[in-house]
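So the structure is just underneath, and the comments pick up after that.
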Amino acid sequence: MANQKLTVGLVYGGKSGEHEVSLQTAYAVMNAFNYEKYEIIPFYITKAGDWRRGTLLSAPLTTVDQLKLEHAEGGTKAALDTLFGKLYGEQTLDVLFPLLHGTFGEDGTIQGLFEMADMPYVGAGVLASAAGMDKGVMKKLFEHAGLPQVKYCYFNSTQWAQTGHDLVRNIETELGYPCFVKPANLGSSVGISKASNREELEKAVDLALQFDLKVIVEEYVDAREIEVSVLGNDEPIASVPGEIVSSSDYYDYAAKYTDGQSEMLIPAPLDEEVADRIREAALQAFRALEGCGISRADFFVRRSDGHILINEVNTMPGFTPFSMYPLLWRETGVSYVSLLDRMIALALERYERRSALHYENS
């Protein structure tokens, strides 16, 4: 039927430090959908990793707390039976829309599950998600693509336990103070610290290792923070750049989601030539990760010389009402509702192309 609605499985929550961010994002997206085109089946993943499936929705829920489907009937089995329904002829979903941030959400694991379920899904695939989540791997891909970036050091918990003293001396020699210490596989600036001396560095690494087994340490640069949204598959497009003017030393979790003090300048006050170079670099970074669907590329523009440095790519950027990704597209001329339509269309397009591939010899 020409007017048949698409059934979208909205997957949110998750077993990660960014569970609450995911709920905010899911609530915003759910309220932005055009319910004349779509109907929604919510899938909530608890902090313990259990799955819960809600009932079919033809209108949005009214509070964020309603998204916490802790006591939904059927538990994990009912949720996964619906997710994998296509494999045994009981398909109720047309496309999956993951809104999971951080570990087990944007690291390729859930994307692999969707691939096994033979379902189209919004956002980056397994490879881009995994590479985009691991900052060390991401930086190596940026190096290969010729994208300038800050100096960094990358190591794991075993190396820290065995050769921590040598790593500290290397960081002090190569990067100096202050420097930033980050878990390699976490987003939303969770677990990040600024270190100004050896004692702070060692404490910062210990903190980061509470969130991940690998750590990135980056040199400090006095720079403007610029972000660009990317949308597309094989022929991606880039939004106008925006600028973050942070309320703290860096754009940390509180600055992003709780304190409301940071300022977003949209569009960023940049010369047209600089803005175009940053947009092109965002597309280059997207291709370096073999991205598809969506991403947000974050840059530093060094104040001393205007040099553009890639910071990272986020393959599942936030969609809260005050998130940079949708705001940049709005400034570029794409509304929130249209953005969701395009993201779903891109997911279906990619799935159709992959479905035409052959997986056995003829």
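One rule links them: number in the numbering used here = place in the sequence shown (from 1) + 48.
No residue lacks a Cβ here, since even glycine has one placed at the ideal position from N, Cα and C.
Everything numeric in this text was worked out from a predicted model, so none of it was measured.
Query	Result
Per the DSSP calculation, Gly-341 is bridged to which residue(s)?	Gly-280
Ala-193 and Gln-332 look like a contact to me (Cβ under 8 Å); what is the Cβ gap, rounded to whole Å?	6 Å
Mind reading off the beta-carbon distance from Val-263 to Ala-232? Whole number of angstroms is fine, and I expect it under 8 Å.	6 Å
Do the region 90-108 and the region 56-66 touch if we need at least three Cβ pairs shorter than 8 Å?	yes
Under three-state DSSP, which class holds Arg-351?	coil
Around the Cβ of Leu-405, are there at least 16 other Cβ atoms within 10 angstroms (buried) or fewer (exposed)?	exposed
Check the DSSP bridge columns for Met-312 and list the partner residues they point to.	Ile-292
Check Asp-319 in the structure and name its three-state DSSP category.	coil
Buried or exposed for Lys-187, going by 16 or more other Cβ atoms inside 10 Å?	buried
Could you have a look at Val-216 and say whether DSSP puts it in helix, strand or coil?	helix
Please report the distance separating the alpha-carbon of Glu-273 from that of Pro-315.	13 Å
If you reduce the DSSP assignment to three classes, tell me which class Asn-79 lands in.	helix
With distances taken Cα to Cα, identify the nearest neighbour of Asn-362 among Ile-342, Trp-377, Leu-376 and Asp-353.	Ile-342
Return the CA-CA distance between Met-49 and Met-167, expressed in angstroms with no decimal places.	Because the pLDDT of Met-49 is 42, which lies under 50, any placement of that residue in the model is unreliable, and the question is left without a value.
Report all residues from its chain with a CB closer than 6 Å to the CB of Glu-397; omit the five preceding and five following residues, and keep chain order.	none
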